[in-house]
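Protein chains in written order, with my numbering: chain A, 1 to 423; chain B, 424 to 728.
Glycine is no exception: its CB is placed at the ideal position from the N, C-alpha and C atoms.
Note that this is a predicted model, so its numbers are computed, not measured.
What follows is one structure encoded as C-alpha cells, with my remarks underneath.
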Amino acid sequence: MSNVLNWQLGREMEYPYEAAYPDQQFAFIFNINRCIGCQTCTMACKSTWTFSKGQEYMWWNNVETKPYGGYPHHWDVRTLDLLEQANPGGQNWGGKAEDIKAPYGKFHGKTVFEAAKTFIGPQGANRALGYLPTDDEWSAPNRYEDHPVGNEKGVKGGYFKGGELLPEHKTWFFYLARICNHCSYPACLAACPRNAIYKRPEDGIVLVDQERCRGYRKCMEACPYKKTYYRGTTRTTEKCIGCFPRVEGKDQAGHGLPMQTRCMSSCIGHIRLQGLVGLNPDGTWKEDRYNPLYYLIHIAKVALPLYPQFGTEPNGYYIPPRWVSRPYLRQMFGPGVDDAIERYAAPDRELLAVLQLFGKDQRICDRYEIKEGPKVFETEVRGKKFVLYNDTIIGYAKDGTKIIETTVEEPLHIRPDKHANSI
Amino acid sequence: MELRYDEDFVEAAAFLCTSGRRKGVSTLQIARFHRERERLYSILDPDDRNTAFFRLHLEWFREWGLEEVLTGLVKEFPLLTRMLSVLVVRKTRGKNDDGAELYVNEARQRSAIVALPPDFFERDVTLRNYLRHEFTHLSDMLRPDFGYLPTLDLPGLNSAQQRLARERYRLIWDITIDGRLSAAGHVPMATCEQHRAAFFRGYSFWPEARRTDTFDALWQNGSPAHAQFLALIADPRGLRESHGPAPGASCPLCGFPTFAWVSDGAVTTEIARTIAAQFPDWTTEQSLCTRCLETYETLAGVVVH
Numbered sequence: 001m002s003n004v005l006n007w008q009l010g011r012e013m014e015y016p017y018e019a020a021y022p023d024q025q026f027a028f029i030f031n032i033n034r035c036i037g038c039q040t041c042t043m044a045c046k047s048t049w050t051f052s053k054g055q056e057y058m059w060w061n062n063v064e065t066k067p068y069g070g071y072p073h074h075w076d077v078r079t080l081d082l083l084e085q086a087n088p089g090g091q092n093w094g095g096k097a098e099d100i101k102a103p104y105g106k107f108h109g110k111t112v113f114e115a116a117k118t119f120i121g122p123q124g125a126n127r128a129l130g131y132l133p134t135d136d137e138w139s140a141p142n143r144y145e146d147h148p149v150g151n152e153k154g155v156k157g158g159y160f161k162g163g164e165l166l167p168e169h170k171t172w173f174f175y176l177a178r179i180c181n182h183c184s185y186p187a188c189l190a191a192c193p194r195n196a197i198y199k200r201p202e203d204g205i206v207l208v209d210q211e212r213c214r215g216y217r218k219c220m221e222a223c224p225y226k227k228t229y230y231r232g233t234t235r236t237t238e239k240c241i242g243c244f245p246r247v248e249g250k251d252q253a254g255h256g257l258p259m260q261t262r263c264m265s266s267c268i269g270h271i272r273l274q275g276l277v278g279l280n281p282d283g284t285w286k287e288d289r290y291n292p293l294y295y296l297i298h299i300a301k302v303a304l305p306l307y308p309q310f311g312t313e314p315n316g317y318y319i320p321p322r323w324v325s326r327p328y329l330r331q332m333f334g335p336g337v338d339d340a341i342e343r344y345a346a347p348d349r350e351l352l353a354v355l356q357l358f359g360k361d362q363r364i365c366d367r368y369e370i371k372e373g374p375k376v377f378e379t380e381v382r383g384k385k386f387v388l389y390n391d392t393i394i395g396y397a398k399d400g401t402k403i404i405e406t407t408v409e410e411p412l413h414i415r416p417d418k419h420a421n422s423i
Numbered sequence: 424m425e426l427r428y429d430e431d432f433v434e435a436a437a438f439l440c441t442s443g444r445r446k447g448v449s450t451l452q453i454a455r456f457h458r459e460r461e462r463l464y465s466i467l468d469p470d471d472r473n474t475a476f477f478r479l480h481l482e483w484f485r486e487w488g489l490e491e492v493l494t495g496l497v498k499e500f501p502l503l504t505r506m507l508s509v510l511v512v513r514k515t516r517g518k519n520d521d522g523a524e525l526y527v528n529e530a531r532q533r534s535a536i537v538a539l540p541p542d543f544f545e546r547d548v549t550l551r552n553y554l555r556h557e558f559t560h561l562s563d564m565l566r567p568d569f570g571y572l573p574t575l576d577l578p579g580l581n582s583a584q585q586r587l588a589r590e591r592y593r594l595i596w597d598i599t600i601d602g603r604l605s606a607a608g609h610v611p612m613a614t615c616e617q618h619r620a621a622f623f624r625g626y627s628f629w630p631e632a633r634r635t636d637t638f639d640a641l642w643q644n645g646s647p648a649h650a651q652f653l654a655l656i657a658d659p660r661g662l663r664e665s666h667g668p669a670p671g672a673s674c675p676l677c678g679f680p681t682f683a684w685v686s687d688g689a690v691t692t693e694i695a696r697t698i699a700a701q702f703p704d705w706t707t708e709q710s711l712c713t714r715c716l717e718t719y720e721t722l723a724g725v726v727v728h
C-alpha cells in the first residue's frame, strides 16, 4: 500500500499502487434535476457498444430510480453496509471545507481500500472491500422504476397538503444516471490479479485489456459502483470505454475535434456535460477558471462526486436533486450537498449562463466566455434575491474553434401569420 | 440415463472451488486450473474456445469430486436411471428458480432438468438434502401409481384461484416428500414443524383438529398420489356451495376471491341501480367486494370521502 492524496476526502489515503496521474482526466457532470429517466443515453450506449451476444446484461450506461432502484440491485446499499461493518459508526465527515485539496472537509472513515485490510474473505484479504453480485441481482436494470419513498400514507380521495413544497418533498424519488466513473484510484484496477486494467495516460479513461483479462471477476467484486461486467461468451470482463475514439476526435462527425461520449450527446434532457481537465502533479485539478467542469466543481461547487467516501475519487459529478431528503443526499454526495443545492436553486449570473452549455453541442467544450446581456427581471427564491440577465455564453473547443453560442433566455421565434404551417 | 450439464453451471461450480469456499481444494490445484484455463484464451475461434472451456471446466468438476456427489445421489433413485433418458443439471438464474421439471417428447422419451444453485457445492450436506428432495419430486412424477399430470384439472376456477390451488399443491407435495425423506432417516429440506406451520397458515380456515389430522396424514403418507392432492386443493373451504359473502368466496361482480365484503347499508339505491345496469341478475343479498363498491361509487357519481 502507498499513500496517495484523495482531494475529495480532504486527506491522504492508502492505495495498492503508487500515485500516477494522466495528463488530462476524463470527467463529467450530470444535472439530476433535469433527468426524466427516458433511457435515451442507455440505448445510445447499448446500440453503440454492447449489442452483441454475451452482452445482454451489460448496461455500461444505466439510469436507475433512487432510493430503491439500482443495477445491480442495491449495489450502493450493499457496499455502504460492508463499510459500516468494517468501521461501525465511524464513516463520518468533519472539518471545514478548504481549498482545492479539501473542498468538502475531511472524511474520517475508511475507504474500500482501507477497510479491505480488516475484512478477510474465504480467499484471504482483498485489495478493495467489495462483493460479487449474484446472477439475479443483474436481472432487471430498471427495477423499482418510479417507486417513490414517502413519509406520509396516502388518503382515499385526496392528496396530502404541502407535499410538493421545498426544500424537501415529502414523497420523492429521482433518476440517477450512471456510467463508469473512470476513477482516479480505480478499485477495479487495484483488484485485477492480471494487471489487465489500466488508466490511459492521455485522458485517464479506465480500460480493460481484453488480451490480458482472464475473467477472474475480481474487478467486479472490487468496483464499488459495480460498473464492470463479465461476458460469458468471451470469458472476459468489459466496461465503459468512455467512447475514447470520440474523445480522441476520431469520430468523423466532429471534424477532428474531440467529442463527448454517445450517452452525453444523445441526452434529450440536456443534463450532461463531459470534458477533460488538467491535473497537477499531486492529482488535484489544475486551475482552469473558464473550463466549465472546473467552474462547476471547484468555483460554483454545485456538482459533487458520487459516494466520495468509497475512496476511488470518481470523476463523475452530480448536481444533486433539490427536492430530495438531505440526509439521503449527504450520504450519496458528501457534505457539500446543502451548499450545492442552495447555490443551484438561486443561481448567480455566471452559473446560470454556464448551465446553458449542457447538451448544446456534441463537441467537448474546453473554455467558455460570457457576454453580458440586459437584465430581464428579478425576484426572490426562498428568501434569496435572484436576478435574470439575458447573457450570451460562448463555448470553445480545445483548438479555439467556437462551438456554442447561446443565450440564457431561450430564443423565441414568432411564426408569421402569412404561412400558418411554416417556421 | 445420461447426465448432462449446463456450461454456466459447471463453470460456476468450478469457480466456487477456486474461491476457497469448498473444503479439500488445494492451492496447487487452483493454480493449475487457472494455468490451464488461461491457455484456452489463445483459441481464436469463439465456438472452439467455448467448447474447450466447457471441457476444461467439466474435467475439473470431476477432478474436484463434484460429479461424484451427483451420480452417487442419482443411484439412490433407481426410477430415475430406469425411466429417464437424460437428466440435465443447470444453474439457477435467481432465488425462485430452483426445482426440477420433467419433459416428455413426441417419442415418449422422458428427460428432466434440475436447477441447482452452484453455491450448494460449498457443503455437500446441503446439496444432498436439496437433491434428494428434488429427485423424490421427479420420482413421483415418473411413478405410475402417483398419476402425475402436468396441468391441474380444476374447472370453474379463475386464474387467481388456480394460482392459489397450485400453491397449495406445491405445499402438500413438499410435505409428503419431506415426510418420506424424514422417515427414511434423511435430513429434509424443512423440518416437520416448519411444514406444519406452513400448512396451518395455508389452511388457517379449517378447525385445528382437521388441520392436525390432515397434516399428520400427509407427513406419514408413504405413497401419495396426484388425485389425493387435487381433493385437498380444489375447494378446501367448500365455497362452491356458498352463494353469499363468505370470507374468501368470489365477488359476484369481479369474480376475484375477497375477504373484504361491503358492510350493510354501504350500497345506496343509486349505486345498486348502477350495478344493476351492468349485472341485471345481481341482488344486494349477494353483496360485493369493497373494490367493486369503489368502482360503482365512482360510476354512480357518488362523492368518495
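Would you mind giving the Cβ-Cβ distance between residue i and residue j, rounded to the nearest angstrom? I have them listed as a contact below 8 Å.
{"i": "residue 242 (chain A)", "j": "residue 268 (chain A)", "result": "Contact doesn't hold; Cβ gap of about 21 Å is too wide."}
{"i": "residue 722 (chain B)", "j": "residue 689 (chain B)", "result": "Not quite, the Cβ-Cβ distance comes to about 15 Å (not below 8 Å), so this is no contact."}
{"i": "residue 511 (chain B)", "j": "residue 504 (chain B)", "result": "Wrong, their Cβ atoms sit about 15 Å apart, outside the cutoff."}
{"i": "residue 101 (chain A)", "j": "residue 10 (chain A)", "result": "7 Å"}
{"i": "residue 212 (chain A)", "j": "residue 196 (chain A)", "result": "4 Å"}
{"i": "residue 190 (chain A)", "j": "residue 130 (chain A)", "result": "Actually they do not touch by this definition, with Cβ atoms about 10 Å apart."}
{"i": "residue 306 (chain A)", "j": "residue 142 (chain A)", "result": "Wrong, their Cβ atoms sit about 18 Å apart, outside the cutoff."}
{"i": "residue 648 (chain B)", "j": "residue 522 (chain B)", "result": "Residue 648 (chain B) to residue 522 (chain B), Cβ: 20 Å. No contact."}
{"i": "residue 69 (chain A)", "j": "residue 168 (chain A)", "result": "Not confirmed; about 20 Å, so no contact."}
{"i": "residue 296 (chain A)", "j": "residue 397 (chain A)", "result": "The Cβ separation is near 18 Å, so there is no contact."}
Quick check: residue i and residue j, are their CB atoms within less than 8 Å of each other?
{"i": "residue 254 (chain A)", "j": "residue 230 (chain A)", "result": "no"}
{"i": "residue 113 (chain A)", "j": "residue 16 (chain A)", "result": "yes"}
{"i": "residue 370 (chain A)", "j": "residue 353 (chain A)", "result": "yes"}
{"i": "residue 115 (chain A)", "j": "residue 86 (chain A)", "result": "yes"}
{"i": "residue 439 (chain B)", "j": "residue 545 (chain B)", "result": "yes"}
{"i": "residue 274 (chain A)", "j": "residue 362 (chain A)", "result": "no"}
{"i": "residue 507 (chain B)", "j": "residue 535 (chain B)", "result": "yes"}
{"i": "residue 54 (chain A)", "j": "residue 171 (chain A)", "result": "no"}
{"i": "residue 117 (chain A)", "j": "residue 90 (chain A)", "result": "no"}
{"i": "residue 621 (chain B)", "j": "residue 594 (chain B)", "result": "yes"}
{"i": "residue 272 (chain A)", "j": "residue 358 (chain A)", "result": "yes"}
In the DSSP output, which residue or residues are listed as bridge partners for residue i?
{"i": "residue 125 (chain A)", "result": "A:120"}
{"i": "residue 205 (chain A)", "result": "BP columns for residue 205 (chain A) are empty, so no partner."}
{"i": "residue 581 (chain B)", "result": "Looking at the DSSP assignment, residue 581 (chain B) forms no beta bridge with any residue, so it has no partner."}
{"i": "residue 177 (chain A)", "result": "A:63"}
{"i": "residue 393 (chain A)", "result": "A:370, A:406"}
{"i": "residue 617 (chain B)", "result": "Note: residue 617 (chain B) sits in no beta bridge, so no partner."}
{"i": "residue 238 (chain A)", "result": "A:229"}
{"i": "residue 30 (chain A)", "result": "A:272, A:318"}
{"i": "residue 93 (chain A)", "result": "A:107"}
{"i": "residue 401 (chain A)", "result": "Per DSSP, none; premise fails for residue 401 (chain A)."}
{"i": "residue 428 (chain B)", "result": "B:512"}
{"i": "residue 469 (chain B)", "result": "For residue 469 (chain B), which the question treats as bridged, DSSP gives no partner whatsoever."}
Does the beta carbon of residue i fall short of 7 Å from some heavy atom of the ligand ATP?
{"i": "residue 544 (chain B)", "result": "The ligand ATP is not part of this structure, which contains no ligands at all."}
Going along the region 218-244 of chain A in order, which residues come within less than 9 Å of chain B, judged by CB to CB distance? Listed by position along the chain: 232, 233, 234, 235, 236.
Does the region 23-31 of chain A come into contact with the region 271-282 of chain A, if we say contact requires no fewer than three beta-carbon pairs (one atom in each stretch) closer than 8 Å? With a cut-off of 8 Å, the region 271-282 of chain A and the region 23-31 of chain A count as touching, because enough Cβ pairs lie within range.
Closer than 7 Å, Cβ to any Cβ of chain B: which residues of the region 61-88 of chain A, in chain order? Correct list: empty, as no residue qualifies.
Count the CB pairs spanning the region 25-42 of chain A and the region 123-140 of chain A that are closer than 8 Å, and state whether there are at least three. The region 25-42 of chain A, when compared against the region 123-140 of chain A, does not touch it at the 8 Å Cβ threshold.
Cβ-based contacts, 9 Å cut-off: residues of the region 459-473 of chain B near chain A: Near chain A, meaning a CB-to-CB distance below 9 Å, the residues of the region 459-473 of chain B are 460, 461, 463, 464, 469, 472, 473.
Of the residues that make up the region 129-148 of chain A, which ones have a beta carbon closer than 7 Å to any beta carbon in chain B? Answer set for the region 129-148 of chain A: 135, 136, 139.
Does the region 522-529 of chain B come within contact of the region 576-588 of chain B, defined as at least 3 CB pairs closer than 8 Å? No: the two stretches stay apart, fewer than three of their Cβ pairs being nearer than 8 Å.
Short of 8 Å Cβ to Cβ, which residues in the region 473-485 of chain B face chain A? For the region 473-485 of chain B, which is checked against every Cβ of chain A, the residues closer than 8 Å are 473, 476.
Does the structure place the region 399-415 of chain A close enough to the region 287-298 of chain A that three or more beta carbon pairs sit under 8 Å? Fewer than three pairs of CB atoms, one per stretch, sit closer than 8 Å, so the region 287-298 of chain A makes no contact with the region 399-415 of chain A.
Cβ contact (3+ pairs, closer than 8 Å) linking the region 633-644 of chain B and the region 571-578 of chain B: Note that the region 633-644 of chain B does not touch the region 571-578 of chain B; fewer than 3 beta-carbon pairs, one per stretch, sit closer than 8 Å.
Interfacial residues, the region 186-216 of chain A to chain B, with Cβ spacing under 7 Å: Per Cβ criterion, the list reads 214.
Residues from the region 510-526 of chain B in contact with chain A, defined by Cβ distance under 7 Å: So the close ones are 516, 517, 518.
Would you be able to state if there are at least three C-beta pairs under 8 Å between the region 59-76 of chain A and the region 345-360 of chain A? No contact exists between the region 345-360 of chain A and the region 59-76 of chain A.
Would you call the region 529-542 of chain B and the region 430-437 of chain B in contact, with 3 or more CB pairs under 8 Å? Three or more Cβ pairs closer than 8 Å define a contact, and the region 529-542 of chain B meets that threshold against the region 430-437 of chain B.
Should the region 336-347 of chain A be called in touch with the region 380-387 of chain A, which here means at least 3 C-beta pairs below 8 Å? Here the region 336-347 of chain A lies against the region 380-387 of chain A, with 3 or more beta-carbon pairs under 8 Å apart.
Which residues, in chain order, does the region 524-553 of chain B contribute to contact with chain A at a C-beta distance below 8 Å? Of all residues in the region 524-553 of chain B, none has a Cβ within less than 8 Å of some Cβ in chain A.
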